[in-house]
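The sequence shown runs -26 to -1, 1 to 83 under mature numbering (1 follows the signal peptide of the UniProt record, and there is no 0). Where is the CB? At the ideal position from N, CA and C, for every residue including glycine.
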Amino acid sequence: MRKLPAILSAVAAAAMVGLAAPPAYAIDKVTCRDGAGYLEIYNETRHCFANAGRTNVYITNVNMIAAGNNNVTIYYRVNSNTTSSAQMNKWAVVDWREFRLTITGIEIH
């Protein structure tokens, strides 16, 4: 009977460790460098991201996205509250002039 409390205590401790571990989001906003292969999002400035993961962002007036050395999913809005998504393969570039997007999330695979 002495072993039962010790076993229950060990199970509870293991469960707490499992619950305390947050998901790993390694995506980072980084300093842009030409030729680095980062995901680049352009509006009035250039925003660069590296490493796999997903994050929510709010980047308005976007007119160009370059995937760099990444397969990415972009979550965006165009003149509405409806969010859509688009996937881009490595080295793809999307450039448009007639409208602007609001990027609400990015995922680097």
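A residue is called buried once 16 or more other Cβ atoms fall within 10 Å of its Cβ, and F73, having fewer, is exposed. Taken through DSSP and simplified to helix, strand or coil, G79 comes out as strand.
Cβ contact annotation for V68 (same chain, cutoff 6 Å, sequence separation greater than five): I39, in chain order.
With a cutoff of 9 Å on beta-carbon distance, A24 and A41 are scored as not near each other. With fewer than 16 other Cβ atoms inside 10 Å of its own Cβ, V52 counts as exposed. Note that the C-beta distance between N30 and L75 is not below 9 Å. No residue range can be given for C6, since it is assigned to no beta strand (DSSP E) and is classified by DSSP as neither H nor E. Exclusion of the five residues before and after T78 leaves N30, V31, Y32, Y49, Y50, R51 and T57 as the residues of its chain whose Cβ lies within less than 8 Å of its Cβ. The DSSP-derived three-state label of V52 is coil.
Residues of the same chain with a CB within less than 6 Å of the CB of N35, apart from the 5 flanking positions on each side, are N17 and R74 in chain order.
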